[in-house]
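First the structure, in the form of structure tokens, and then the observations on it.
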Amino acid sequence: MSYQHWANYFEGHQDHFDHIVYNADDQLTIDELRLIKTSVRQFQRGEHSEGKHLMNYAKEQTAFSGDDSYERAIYWFIKEEQHHAMALGKFMGVHGIRKLTSDPVDNVFRWMRRYLGFEQSITTLLTAEIISLVFYRALHRATNSPLLQAICSQILLDEELHINFQCETLKEISTGRWPIVNFMARQWQRIMLLGVVLVVFAQHRQVLKAGGYGFGRFALACFKTLERSIDMIHFNALIQRRQEQWVV
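Shown next as structure tokens:
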């Protein structure tokens, strides 16, 4: 499968934060700052990555397939993630919030992307994108800061497409495999998301609740997105496998 359309999209989308004005007069009350500060620091840290190991996996795919479109898509995808970190970092600068240099949860995600192989690296990314999609909805509603709301709105637009991108990659990986292997992959995706939902809600429950997400609603929103993703990955892959069998 060619990823040329994704490479073109991500490369042509590098100006997506240019419309945002980082105004020093941005409205954020002391209570709102206290509410969001820790969460924004942690998510800003999570968005910032050089993506070396993901790029190495992408280069392996290029060597295997002879098509470098996935490698280029990953390169520009990483740049887009870095733009999220940059925008949040500028917001933090406006409001005097110090950046984190390390975070335990982020370290676990980085370890999984580094050591568990290509498929698990993408599965970990998908899990993070699903969590981010719900978290940034809550963060958008948690304050009356026009700057933070503008940043969250743009990140939310990006995250929807990031999920589609990861699903397309996992769909290609799963196509043609034994059904039992894909069944186990689906169960692992659910288990991983459950674990992350528990940890993230424990750490960020104040922001999530301020944005209208108690634990039940937060978990439901995350798992609805996961099930939609699973349909995109495995159901379509299963249909394609059956069609290939009929052709034979």
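Residues in the sequence shown are numbered from -19 upward in steps of one, following our numbering. Ideal placement from N, C-alpha and C gives every residue a C-beta, glycine not left out. Remember, it's a predicted structure, so these values are computed and weren't measured experimentally.
Extent of the continuous alpha helix (DSSP H) run through residue i
i           : result
residue 64  : 49 to 74
residue -14 : -16 to -9
residue 104 : 97 to 122
residue 33  : 32 to 45
residue 176 : 159 to 190
residue 235 : Because the chain spans -19 through 228 in this model, residue 235 falls outside it and cannot be assessed.
residue 8   : It is not in any alpha helix (DSSP H) - residue 8 carries neither H nor E in the DSSP assignment.
8 Å contact criterion, which residue i and residue j should meet: CB distance rounded
i           : j           : result
residue 110 : residue 200 : That pair is no contact at about 12 Å.
residue 202 : residue 177 : 5 Å
residue 112 : residue 139 : 5 Å
residue 209 : residue 96  : About 18 Å; that fails the 8 Å criterion.
residue 82  : residue -16 : In fact, because the Cβ distance is near 37 Å, the residues do not count as touching under 8 Å.
residue 119 : residue 196 : Not really, about 19 Å apart at Cβ, beyond 8 Å.
residue 6   : residue 127 : 4 Å
Simplified DSSP assignment, three categories, for residue i
i           : result
residue 150 : helix
residue 77  : coil
residue 155 : coil
residue -6  : coil
residue 133 : helix
residue 28  : coil
residue 0   : coil
residue 19  : helix
Checklist line | Cβ contact (3+ pairs, closer than 8 Å) linking the region 39 to 46 and the region 150 to 162 | finding: no
Note to self: Between the region 135 to 142 and the region 184 to 191, can you find at least three pairs of beta-carbon atoms closer than 8 Å?
What the structure shows: no
Notebook entry, point to check: Are the region 51 to 59 and the region 19 to 35 in contact at 8 Å, needing three or more beta carbon pairs?
Noted result: yes
Check: Is there contact between the region -7 to 3 and the region 57 to 70, where contact requires at least three CB pairs shorter than 8 Å?
Finding: yes
Notebook entry, point to check: Below 8 Å, can you find three or more Cβ-Cβ pairs linking the region 112 to 126 to the region 12 to 25?
Noted result: yes
Item checked: Stretch-stretch touch, CB-based, cutoff 8 Å, three pairs: the region 15 to 26 with the region 65 to 76 -> yes
Next item on the list: Assess, as a yes-or-no matter, whether the region 97 to 107 is touched by the region 72 to 79 under the definition of 3 or more beta carbon pairs within less than 8 Å.
Entry: By the Cβ criterion, the region 72 to 79 is not in contact with the region 97 to 107, since fewer than three pairs of Cβ atoms, one from each stretch, lie closer than 8 Å.
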